[in-house]
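See below for the structure under consideration.
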Amino acid sequence: MAKTELAVAELIWNMIARKTGNVGKVDFFPQKPAFPFGEGFPGREEAEQPLERAIPETQGISSARIAAFLKDLALHESIDIHQIMLVRNGKVICECGFAPYPAGMWHASYSMCKSITGMAIGMLIAEGKLKLGDKVIDVFHTRKNLFNIFRLKDVTVENLLDMTSCVSFNETGIVSGNDWVRGYLESGLAGVPGRDFEYNSMNTYMLSAMITEITGESLMEYLRPRLWEPMGIRRIFWETCPKGITKGGWGLFICPEDAAKLGMLYLQNGNWKGEQLVPEEWVRTSSTLHMETPSEMSSYGYGYQMWMGGREGSFNYNGMLGQDVLAYRDLNMVVVTNAGSKELFQNCVLLGIVKKYFEGDYNPPSRLPDDLRSQIMLQHVIEEMEGRRTGLPVIEKGGWEKRKAVYIRSTLRQNRIHYLDGKTYEMEEKHVGLMPLMMQVFHNNFTDGIGKIGFTAAGNRLFIHLFEGEEEISLEIGFVKAAAANVSFHGDIYRLGVKGEFSTDEDGRMVLKIDFAFLEEACRRKVKLYFDGDTLEAHWDETPGKEVIMEGLDSLTDIGGKMGFLLNTIKESGGIDVFHILVERTVQPVCTGRLIDPNVEVEKEKGTETEMQEAQDAVQDTLQNTAQDAVQDTPQKAVHKFVGDAAQKIVQNIVGGAVQKTVQNIVEDIVQNTEDTEQNTVENTTEENTQVSSLTAAQNVLADNTHNKEGEHVSGWKSC
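Here it is, written out as structure tokens:
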């Protein structure tokens with residue numbers, strides 16, 4: 001695990017130190033296509049094998065109840081609900097997109113797709129090509145060696161399915177290199193296989209890799225004639241790893257209606273229109289409780305690649321941040337959600353609201369009397385949520401009762417648009433990208449940094465131009481409703497909805513707030529632009545943001561080993577939590593820009609450039625001397641000494657002021673007390689070369705980046 005730990009630590013350093021470009025260890029290659037229906041959003045008439053639509057009362061559900069359900073979801077800002085679909089008795093009784101997210105567009109599923117990978121394993125077992133008791137190492141027999149035969153001798157296919165493999169190579173491994181199968185097979189164990197529940201997305205990736213190993217086909221290819229084509233699921237995309245293996249545990253983009261079909265498939269015991277796609281016995285087995293789970297994850301336990309639900313016989317294909325397919329057997333009902341919430345597992349606000357309306361003692365009849373008034377009210381609620389009702393404001397996230405008109409006096413807005421027309425600002429810090437940090441890590445697609453921000457106007461329309469690396473991203477800013485457009489990030493195509501609002505701060509500065517919603521993802525990029533004379537100050541943020549990222553990083557410091565030691569050395573030491581400060585400044589950076597005079601050629605200030613180079617050279621010399629002195633000492637002391645000095649150097653360049661002084665005291669305490677922890681951090685002399693190598697790698701990373709002034713970062717999560 002030393003290689004994996006070092007790769008994760010190095011990625012964290014790179015992003016905190018504001019390094020741009022390909023900062024990971026994994027080869028990037030573009031693969032995500034644009035949503036397949038061009039510029040227009042799809043309607044259900046474009047879906048293959050569309051589900052029948054029905055008035056809610058004809059299926060025993062009250063329109064008024066559904067309207068209240070939608071309002072309740074919109075009330076909670078933390079949920080950031082994107083799409084909802086309700087299906088009962090095989091008929092769609094409600095579908096709604098929450099502006100700017102359109103109904104019907106595919107959406108990142110994260111771990112929700114694990115359940116689909118589980119279906120494929122059930123098919124493979126039914127074909128006689130795999131057994132639950134097969135050893136993982138035997139499936140990959142060409143990769144056997146003396147080490148993994150001993151380490152993984154007890155890990156079976158079933159252990160991967162019910163998340164009890166206890167293999168240490170987890171989600172963080174996706175940043176360590178291109179060969180994830182090798183990383184998994186060469187890993188150690190963190191528990192007893194078959195006994196200890198350890199949620200790990202790489203278990204699902206290995207199930208996908210098994211399908212490829214056994215059949216010679218990718219998971220997507222394997223499922224095409226067995227699932228996608230029979231069910232009419234064609235608007236779908238699933239990412240692969242650098243080796244061409246379907247990711248399996250994450251990376252799937254699927255439309256809500258197609259996700260609902262997959263929930264219905266299990267309610268119908270694997271049968272679709274008379275064809276048995278998934279073996280009936282496998283449906284029963286996989287949707288039955290196999291493992292109790294930590295209460296913070298779920299109160300109902302885990303089956304095979306799916307979570308158990310709150311009603312008798314119910315289950316959930318669950319993905320982090322609000323991607324769910326909840327199936328209720330006794331109601332013959334499926335609830336599909338897409339969102340951008342701040343929560344990772346089942347025990348969350350979103351599913352708490354679903355439970356409020358459709359679980360507990362709720363037992364609807366087979367049919368209700370017609371209720372035209374409630375049906376009209378529900379239609380109005382849906383239209384307003386989607387921003388389709390003319391003459392009415394879109395409901396703002398944060399409350400039905402607190403909604404406000406988005407109308408701004410056109411003359412005032414027009415004056416501000418005219419003021420910005422033709423202005424371009426050169427950014428002093430060029431490390432922030434339009435793509436949210438979480439997406440950069442999940443898709444291995446790292447920013448080249450925004451160097452300039454410009455504006456042009458066309459009548460009453462305003463366009464923002466972001467010069468990121470060698471690319472220019474031009475987007476219209478909608479003011480009444482979001483303007484949608486496709487954007488290429490190194491060849492991966494994402495659809496954005498861009499909405500802006502002008503305001504004035506307490507100092508009288510003009511402020512332009514822009515929300516860049518990634519319509520196929522859980523994430524949004526947000527920025528507040530403050531204009532003050534020739535200066536632009538950009539305050540960046542993202543949602544889900546700091547809280548989710550910190551939860552992921554906190555889990556990393558618990559894993560031990562060299563990576564845990566490195567992170568904890570920076571993070572944990574009374575007084576101020578340096579690590580949180582650095583991450584906050586990474587997720588929520590503030591960048592300054594200067595207005596470019598279009599009539600004067602812009603020249604770089606050579607004096608400033610020279611000073612920066614001299615400062616960088618001085619830091620380089622310091623780091624080299626530190627490393628040389630440290631290497632002459634014991635390997636244990638070398639690591640401790642360099643980490644202490646490196647932490648101090650990062651803080652000096654990023655934090656500053658009184659905080660810096662406090663941090664220096666913390667670092668001194670860290671260095672002073674390292675002798676007491678040597679035996680815990682360095683286990684044997686066989687690791688000495690690795691430690692010195694780690695020292696050199698960390699030195700290079702830090703030395704390359706000391707001239708920057710703001711930071712960016714994120715790494716692995718325990719849920720995808």
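Heads up, the final residue of the sequence shown is numbered 720 in full-length UniProt numbering, and it's a clean run with no missing numbers.
C-beta: ideal position from N, C-alpha, C; glycine also.
Three or more beta-carbon pairs under 8 Å between the segment 317-335 and the segment 260-272, yes or no? Touching, yes, given that three or more Cβ pairs across the two stretches are closer than 8 Å.
Rounded separation between residue 15 and residue 515 - CA only: Within the model, the alpha-carbon separation for residue 15 versus residue 515 is close to 23 Å.
What number of angstroms, rounded off, separates the C-alpha of residue 302 from the C-alpha of residue 112? CA-to-CA, the gap between residue 302 and residue 112 works out to about 13 Å.
Find out if the Cβ-Cβ distance for the pair residue 746, residue 152 is shorter than 8 Å. Residue coverage of the chain in this structure runs from 1 to 720, which leaves residue 746 outside it and unanswerable.
Could you spell out where the beta strand (DSSP E) holding residue 461 opens and where it closes? Where residue 461 is concerned, the enclosing beta strand (DSSP E) stretches over 461-468.
Assumed close pair residue 110, residue 309 - CB separation to whole angstroms, cut-off 8 Å: About 18 Å separates the two Cβ atoms, so there is no contact after all.
With 16 other CB atoms within 10 Å as the buried threshold, where does residue 205 fall? Buried.
Between the C-alpha atoms of residue 90 and residue 54, what's the straight-line distance to the nearest angstrom? Between residue 90 and residue 54, the C-alpha separation is close to 10 Å.
Would you check if the distance between the CB atom of residue 464 and the CB atom of residue 477 is smaller than 8 Å? Cβ atoms of residue 464 and residue 477: closer than 8 Å.
Only counting runs of 4 or more residues, tell me where the alpha helix (DSSP H) segments fall wholly within the segment 207-281, in order along the chain. Runs of the alpha helix (DSSP H) inside the segment 207-281: 219-223 and 256-267.
Pairwise C-alpha distance: residue 522 and residue 547: Distance between the alpha carbons of residue 547 and residue 522: 15 Å.
List, from N- to C-terminal side, the beta strand (DSSP E) runs of 3 residues or more that fit wholly inside the segment 71-107. For the segment 71-107, whole beta strand (DSSP E) runs of length 3 or above, ordered along the chain, are 81-88 and 91-97.
Using DSSP's beta-bridge definition, name the partner residues of residue 525. Answer is 516 and 542.
Alpha carbon to alpha carbon, what distance is there between residue 497 and residue 134? Computed Cα separation, rounded: 47 Å.
Bounding residues of the alpha helix (DSSP H) (the contiguous stretch that carries residue 182): For residue 182, the uninterrupted alpha helix (DSSP H) run begins and ends at 180-185, by DSSP.
From residue 471 to residue 277, what distance separates their C-alpha atoms? Spanning the two alpha carbons is a distance of roughly 46 Å.
Which ranges does the alpha helix (DSSP H) cover as unbroken runs of at least 4 residues, wholly within the segment 300-367, from first to last along the chain? Taking 4 residues as the shortest admissible run, the segment 300-367 contains the following complete alpha helix (DSSP H) segments, listed from N- to C-terminal end: 349-358.
In or out: residue 483 buried (at least 16 other Cβ within 10 Å) or exposed? Residue 483 sits buried, since 16 or more C-beta atoms from the chains shown fall within 10 Å of its C-beta.
Report the rounded CA-to-CA distance for residue 240 versus residue 157, giving the unit in angstroms. So the two alpha carbons sit approximately 21 Å from each other.
Within 8 Å, do at least three Cβ pairs link the segment 197-216 to the segment 263-275? The segment 263-275 makes no contact with the segment 197-216, as fewer than three CB pairs between them are under 8 Å.
Should residue 324 and residue 351 be called a contact, given that it needs their Cβ atoms to be closer than 8 Å? Result yes, Cβ atoms of residue 324 and residue 351 sit closer than 8 Å.
Within its chain, find whatever has a CB closer than 6 Å to the CB of residue 94; leave out the 5 residues flanking it on each side and keep chain order. Counting only Cβ-Cβ distances below 6 Å, and skipping sequence neighbours, we find 66 and 86.
Going by the beta-carbon positions, is the gap between residue 466 and residue 525 smaller than 8 Å? When the beta-carbon positions are compared, residue 466 and residue 525 stay at least 8 Å from each other.
Where residue 431 falls, given that 16 or more other Cβ within 10 Å makes a residue buried: Burial call: buried.
Identify whether residue 483 lies in helix, strand or coil by the three-state DSSP scheme. Three-state DSSP puts residue 483 in a strand.
Alpha helix (DSSP H) containing residue 374: first to last residue? Note, residue 374: alpha helix (DSSP H), 372-385.
With a cut-off of 8 Å, do at least 3 Cβ pairs link the segment 71-86 to the segment 526-538? Not touching, per the Cβ criterion.
If you draw a straight line from the C-alpha of residue 535 to the C-alpha of residue 591, how long is it? Answer to the nearest angstrom: the Cα atoms are 11 Å apart.
Where do the N-terminal and C-terminal ends of the alpha helix (DSSP H) with residue 114 fall, by residue? Counting along the chain, residue 114 sits inside the alpha helix (DSSP H) bounded by residues 114-126.
State buried or exposed for residue 243, treating a residue as buried only when at least 16 other CB atoms are found within 10 Å of its CB. Exposed is the label assigned to residue 243, since fewer than 16 other Cβ atoms lie within 10 Å of its Cβ.
Note the first and the last residue of the continuous alpha helix (DSSP H) segment covering residue 158. Residue range 157-161 is occupied by the alpha helix (DSSP H) that includes residue 158.
Take residue 374 and list the residues in its own chain whose beta-carbon comes closer than 6 Å to its own, dropping the five residues that flank it on each side. 63 and 64.
Could you give the distance in angstroms between the alpha-carbon of residue 255 and the alpha-carbon of residue 583? In a straight line, the C-alpha of residue 255 is about 34 Å away from that of residue 583.
Going by Cα to Cα distance, which pick from 300, 381, 377 and 383 is closest to residue 355? The candidate whose alpha carbon is nearest that of residue 355 is 300.
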